[in-house]
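In our numbering, the protein residues as written are 4 to 297.
Think of the CB as a built atom: it goes at the ideal place given N, C-alpha and C, for glycine as much as any other residue.
No experiment lies behind these values; they were computed from the predicted model shown.
Worksheet: the structure to be examined is printed underneath.
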């Protein structure tokens, strides 16, 4: 039983094609967005410093954000104010350049001093080659996780249609947030990769719950669906709420990475609701009533 009442949907009003049409259309648009981004920029999603390499300075200065951007020979990739407590006039400045000593020197020469504090508080750099290796490792991790999830699905249900329904749904749950990242300019970093890996786990959990209720438990197809939705929708909506609160809170306090993780998980979980209870369900209903007979 869910923690709140999940409204029952009269699935008999919709054909399998109608149910599958919306999630497949959204998936197609997401793939077009990623393809367009790849053709324009060379990558489906903008790469963060973890993968593309570059330098990051945390500066404390009374200069404005515009003055900070103009203080360097190279235009910064981003200038973000730090809004956490006890961090007045602090900014995180990121560059594609890895010449950290030159950037530090420019900051000290061109930015206004904030009292007795040092201009540069913290500095770090990632080489392009190391970033490329990290990118390959992260992508391999996603591929292995997705492959493991696919194998698990086939081992659990041992039939093609229910298993492929889980795989397609999980694939869409990853592609849609990636397209959202491409549109909104959220960079792919180690933190956002972790969010995508979490989405694979969320997707498998909700899809297996639905498949298990329909295929392995007795009762009418639609009764089994409603029982699965009581638990599955409650879990997903609860997680969405938590991620949204985390994302907004992190944004208010200037923690960009946590804000990005929160919004990516929120979008991915919303996509999971659509894919599980429209796309996956349509495939299961076809398999249950038509696929077995054929």
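query: Inter-residue Cα distance where the pair is residue 72 and residue 198; result: 30 angstroms
query: For residue 95: DSSP bridge partner residues; result: 61, 83
query: Neighbourhood of residue 164 by C-beta, 8 angstroms cutoff - its chain only, sequence neighbours within 5 removed; result: 286, 287, 289, 290, 294
query: For residue 207, the three-state DSSP class (helix, strand or coil); result: helix
query: Exposure label - residue 186; buried when at least 16 CB within 10 Å; result: exposed
query: Beta-carbon contacts of residue 92 that lie in its chain and below 8 angstroms, excluding the five residues immediately before and after; result: 63, 64, 65, 117
query: C-alpha gap between residue 34 and residue 258, whole angstroms; result: 29 angstroms
query: heavy atom of the ligand COA below 7 angstroms from residue 242 C-beta; result: In terms of ligand content, the structure shown is empty, and the ligand COA therefore cannot be addressed.
query: Beta-carbon proximity check, residue 243 vs residue 203, cutoff 8 angstroms; result: no
query: Contacting residues, own chain, Cβ-Cβ under 7 angstroms from residue 13 (five flanking each side not counted); result: none
query: Buried or exposed (CB count within 10 angstroms, at least 16 for buried), residue 222; result: exposed
query: Outcome for residue 268 when other beta-carbon atoms lying within 10 angstroms are tallied against a minimum of 16; result: buried
query: Among 264, 238, 272, 138, the one whose alpha carbon lies nearest that of residue 3; result: It is not possible to answer for residue 3, since the shown part of the chain is limited to 4 through 297.
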